[in-house]
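Asks: Sequence lines, in order, name chains A and B. Position one of the first sequence corresponds to residue 1 (our numbering), numbered consecutively onward. Position one of the second sequence corresponds to residue 1 (our numbering), numbered consecutively onward. I'd like to ask you about the structure that follows.
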Amino acid sequence: MEHSQSSPRREFWAGVKSEIPIAIGVFPFGLIFGSLGVLGGTPPLIVFAMSSIVFAGSAQFIGVAMINAVAPIFSIWTTTFFVNVRHVLYSATMGPKSQHLSLGWRVLLSYLLTDEAFVVTAWHYDNDNPEDLTHKHWFWLGAGLTLWVQWQISTAVGVVFGTQLPESWGLDFTLALTFIGMVFVTLKGKPMWGATLSAGAVAVAANGLPNKLGLMLAALTGIVVGMLLEGQGAQDE
Amino acid sequence: MNSQLAAYATSNLWLIIIGMGIITFLIRLSMIVLLGNVKISDTVMRGLRYVPPAVLSAIIFPEMLQPAPHGVLDISLGNARLVAGLVAIATALISKNMFITIGIGIVTMWIWPFIIG
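Below you can see the structure in the form of structure tokens.
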């Protein structure tokens with residue numbers, strides 16, 4: 001590890017490098033978004049613009065579906081809120097580590113705070129010389145921009161070639177596969193395993209609840225279980 | 001009154017997606033700005049470390065166990081997404097490599113229906 005040589009450029013490219021496998025993994029997800037949106041009747045320019053203006057995969061999927069169904073505007077916004085409210089947890093995770101940054105940086109990095117960028121960035125902040133925040137935001141920028149560029153390209157390709165993608169390929173599942181990689185490649189320790197498995201179990205059990213309530217319930221369960229197991233482990237020692 | 005709902009005007013489409021963008025952005029920005037003057041307790045900080053696996057796992061497992069398009073619980077060998085997901089989890093734990101995990105997961109999902117006939 002080259003902690004002592006941390007520099008903006010080095011951090012930026014480390015962020016890019018960490019994000020690339022994830023960006024490739026979710027590329028098919030962008031293709032599908034672009035194609036589904038256009039096939040459902042939303043104007044191509046709107047579908048494409050959504051990927052830069054909204055920049056949140058699952059909310060965009062639900063958003064185009066509701067646009068294609070001519071849902072009331074307010075209900076589209078409400079749904080967007082519930083689908084994305086999990087990002088409050090990401091924001092709370094990164095908030096304490098961002099207080100030395102200018103408002104401009106915080107605005108830019110918030111815009112780039114997707115699931116995919118958050119996970120690699122949070123891991124980097126926690127595991128690579130956690131005390132030193134000097135240039136870490138450049139890592140966040142690198143990871144975030146990499147996913148952003150990928151998302152614009154994959155959406156555009158989906159919008160243009162969407163009609164030729166067979167649904168039977170099951171490409172929408174690549175998002176879950178990418179998330180599996182993001183969680184399980186680095187998963188270690190009983191508390192982390194407990195958080196992961198309990199959140200998964202609650203999510204399945206509560207999947208029928210409205211407004212993505214099951215997702216938040218599951219996430220909070222995972223956090224609590226992780227902390228309880230951590231406390232238990234500390235007592236055992 | 002026209003009995004059939006008209007699609008949105010173009011200006012409304014822009015309004016919809018700009019609104020979605022603002023909502024999403026404000027959620028992401030919220031704690032990054034608000035936490036400025038608040039001291040976070042160590043307990044909360046420790047809890048936040050479990051956010052990534054907990055949230056992602058809450059997205060992953062329903063996708064595997066209640067697969068699209070029906071979303072009905074399906075714990076059987078006929079559920080290719082469940083099998084592919086489990087194979088991908090095993091691959092991730094062994095290989096510690098994102099590319100291999102995603103690649104083997106996709107291939108498993110594609111060939112599994114042929115394996116079980």
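Cβ atoms here follow ideal geometry from the backbone N, Cα and C, with glycine treated the same way. Predicted, not measured: the structure shown is a model, and the values here were computed from it.
Comparing the C-beta of PHE114 (chain B) with each C-beta of chain A, is any distance below 8 angstroms?
Replies: no
Asks: Spatial neighbours of GLY194 (chain A) within its chain, please: CB distance less than 7 angstroms, with the 5 preceding and 5 following residues excluded, ordered by chain position.
Replies: VAL225, GLY226, LEU229
Asks: Listed from N- to C-terminal order along the chain, which residues in the segment 67 to 79 of chain A have their beta-carbon within a distance smaller than 8 angstroms of any beta-carbon of chain B?
Replies: ILE67, VAL70, ILE73, ILE76, TRP77
Asks: Pick from B:ASN79, B:LEU56, B:SER57, B:ALA58: whose alpha carbon is nearest that of PRO67 (chain B)?
Replies: B:ASN79
Asks: I'd like to check one pair, GLY34 (chain A) with ALA65 (chain A): are the Cβ atoms closer than 8 angstroms?
Replies: no
Asks: Is any beta-carbon of chain A found at less than 8 angstroms from that of VAL55 (chain B)?
Replies: yes
Asks: What does ASN127 (chain A) reach in chain B if we use C-beta pairs closer than 8 angstroms?
Replies: Neighbours of ASN127 (chain A) on chain B: none; closest Cβ ~11 angstroms, over 8 angstroms.
Asks: Buried or exposed: which applies to ARG126 (chain A), given that a residue is buried once 16 or more other Cβ atoms fall within 10 Å of its Cβ?
Replies: Residue identity differs from the one stated: residue 126 (chain A) is Asp in this sequence, not Arg. Classification of ASP126 (chain A): exposed, given that the 10 Å Cβ count is below 16.
Asks: List the whole-angstrom C-beta distance separating ALA219 (chain A) from LEU113 (chain A), where the pair is believed to meet the contact cut-off of C-beta under 8 angstroms.
Replies: Contact flag wrong, Cβ pair sits at about 16 angstroms.
Asks: If I measure Cβ to Cβ from TRP123 (chain A) and keep anything under 7 angstroms in the same chain, skipping five residues before and after, which residues do I get?
Replies: If we look at TRP123 (chain A) and ignore the five residues flanking it on each side, its Cβ neighbours are THR186.
Asks: Does the Cβ-Cβ distance between ILE73 (chain A) and LEU15 (chain B) come in under 8 angstroms?
Replies: Inclusion of ILE73 (chain A) and LEU15 (chain B) in the CB contact set at 8 angstroms is warranted, their separation being smaller than that value.
Asks: For chain B, is any of its Cβ atoms less than 8 angstroms away from the one on VAL16 (chain A)?
Replies: So no, VAL16 (chain A) is outside the interface.
Asks: For ASN97 (chain B), would you say it is in contact with chain A, using Cβ-to-Cβ distances shorter than 8 angstroms as the test?
Replies: yes
Asks: Is the CB-CB distance between ILE141 (chain A) and GLY15 (chain A) below 8 angstroms?
Replies: Position check: residue 141 (chain A) holds Leu in this sequence, whereas Ile was assumed. Their beta carbons are under 8 angstroms apart, which means LEU141 (chain A) touches GLY15 (chain A) by this criterion.
Asks: Once the 5 residues before and after ASN68 (chain A) are set aside, which same chain residues still bring their CB inside 7 angstroms of it?
Replies: Listed in chain order, the non-local C-beta contacts of ASN68 (chain A) below 7 angstroms within the same chain comprise GLY40, GLY41, THR42, local neighbours out to five positions each way being set aside.
Asks: Using beta-carbon positions only, say whether ALA92 (chain A) and VAL120 (chain A) come within less than 8 angstroms of one another.
Replies: Going by C-beta atoms, ALA92 (chain A) is not nearer than 8 angstroms to VAL120 (chain A).
Asks: Enumerate in chain order the residues of its own chain whose CB-to-CB distance from LEU34 (chain B) is below 8 angstroms, with the five nearest sequence positions on each side excluded.
Replies: No residues qualify anywhere along the chain.
Asks: Taking only three categories from DSSP, how would you classify ASN207 (chain A)?
Replies: coil
Asks: Three-state secondary structure (DSSP) at PRO67 (chain B)?
Replies: coil
Asks: Please check the pair TYR8 (chain B) and VAL70 (chain A), which I expect to be a contact at CB under 8 angstroms, by giving their CB distance rounded to whole angstroms.
Replies: 7 angstroms
Asks: Please report the distance separating the alpha-carbon of ALA58 (chain B) from that of ALA203 (chain A).
Replies: 5 angstroms
Asks: On the three-state DSSP scale, how would you describe ARG9 (chain A)?
Replies: helix
Asks: If I'm right that MET98 (chain B) touches ARG81 (chain B) with Cβ under 8 angstroms, what's the distance once you round it to whole angstroms?
Replies: Actually they do not touch by this definition, with Cβ atoms about 19 angstroms apart.
Asks: Looking at the structure shown, is GLU131 (chain A) part of a helix, part of a strand, or coil, going by DSSP?
Replies: coil
Asks: Is any beta-carbon of chain A found at less than 8 angstroms from that of ASN12 (chain B)?
Replies: yes
Asks: Go ahead and label GLN235 (chain A) buried or exposed: buried means 16 or more other beta carbons lie within 10 angstroms of its beta carbon, across all protein chains shown.
Replies: exposed
Asks: Where does PRO44 (chain A) fall in DSSP's three states?
Replies: Looking at PRO44 (chain A) - three-state DSSP - the assignment turns out to be helix.
Asks: Would you say ILE102 (chain B) lies against chain A (beta-carbon separation less than 8 angstroms)?
Replies: yes
Asks: Output needed for GLN4 (chain B): all residues of its chain with C-beta closer than 7 angstroms, excluding positions within five of it in sequence on either side, in chain order.
Replies: Unreliable placement is indicated for GLN4 (chain B), whose pLDDT of 36 sits below 50; the coordinate value is still reported in the next sentence. Hits under 7 angstroms: none found.
Asks: Taking the alpha-carbon positions, what's the GLY117 (chain B) to THR24 (chain B) distance?
Replies: 44 angstroms
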